[in-house]
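First the structure, in the form of structure tokens, and then the observations on it.
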Amino acid sequence: MPLNAQELKQLAEAAEQSPLPVCGNWVHRAAAWESFTEDRWPAGLMERVDTLRADEFAEPGFEEFHPGGTRYDSADAPISVPHFPFNRSELFRCAACARLVLRYTEFGGYYVDHRARRVEAALVSI
Ligand SMILES: [Zn+2]
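Using this note's numbering, read the sequence shown as starting at 153 and increasing by one per residue.
In structure tokens, the structure reads:
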């Protein structure tokens with residue numbers, strides 16, 4: 153079952169209350185979407201929680217959500233589950249520090265580009 157916004161926010165709030173200090177992995181510093189190559193993904197630490205993709209068969213839309221004038225790559229851009237690119241993202245939890253990270257893959261004409269962004273509960277739009 154895909155996660156809805158309420159569930160994502162609750163998971164993020166719980167993660168932020170973890171007594172563990174945030175570990176040194178780069179994904180936790182990705183306040184805005186950050187491009188990475190697969191070899192930089194800390195696969196040994198990242199436990200997949202669930203998808204935000206509502207329908208695995210239908211192509212999610214490309215409309216973004218920026219009511220406060222943010223942009224795609226703003227660190228304070230809202231995390232809106234029905235909007236691009238959250239609507240095609242997977243949620244991961246770090247095994248070392250329990251913090252949450254979103255990831256998706258951008259498909260260009262001749263390339264694939266992975267992007268990751270940490271989850272801040274306060275930015276999850278309900
Ligand atoms: Zn960590």
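For each residue, glycine too, the CB sits at the ideal point set by N, CA and C. Note that the structure is a prediction, hence the values are computed from the model and not measured.
Provide the residue span of the beta strand (DSSP E) that contains residue i, from first to last.
i, result
"ALA248", "Per DSSP, ALA248 belongs to no beta strand (DSSP E) and is neither H nor E."
On a Cα-Cα basis, can you pick out the residue from the options that is closest to residue i?
i, options, result
"ARG251", "GLY261, SER226, MET198", "MET198"
"CYS249", "SER226, VAL201, ALA167", "ALA167"
"LEU163", "ALA268, GLY196, PHE217, VAL201", "VAL201"
"SER226", "PHE209, ALA183, TYR262", "ALA183"
Name the DSSP bridge partner or partners of residue i?
i, result
"ILE278", "The partner list for ILE278 (beta bridge, DSSP) is empty, contrary to what the question assumes."
"GLU186", "ALA268"
"GLU199", "ARG245"
"TYR256", "ARG267"
Can you list, in chain order, the residues of its chain whose CB lies under 8 Å from that of residue i, leaving out five sequence neighbours each side?
i, result
"LEU204", "PRO154, LEU155, LEU160, VAL233, PHE238, ASN239, ARG240, SER241, GLU242, LEU243, LEU254"
"THR189", "HIS266"
"PRO219", "PRO230"
"ILE278", "ALA157, GLN158, LYS161"
How long is the line joining the alpha carbons of residue i and residue j, rounded to whole angstroms?
i, j, result
"ARG181", "VAL271", "10 Å"
"THR222", "ALA229", "5 Å"
"CYS246", "LEU275", "19 Å"
"VAL264", "TRP193", "14 Å"
"ARG269", "TYR262", "23 Å"
"ALA206", "ALA273", "20 Å"
"TRP178", "TYR256", "16 Å"
"GLY260", "GLU215", "17 Å"
"SER187", "GLU258", "9 Å"
"GLY176", "TRP185", "18 Å"
"PHE236", "GLU211", "11 Å"
Taking the alpha helix (DSSP H) that residue i falls in, what are its first and last residues?
i, result
"LEU163", "157–168"
Just to confirm my understanding: we take residue i, look at its own chain, exclude 5 residues before and 5 after, and list those with CB closer than 6 Å. What are they?
i, result
"SER170", "ALA250"
"LEU172", "CYS249, ALA250"
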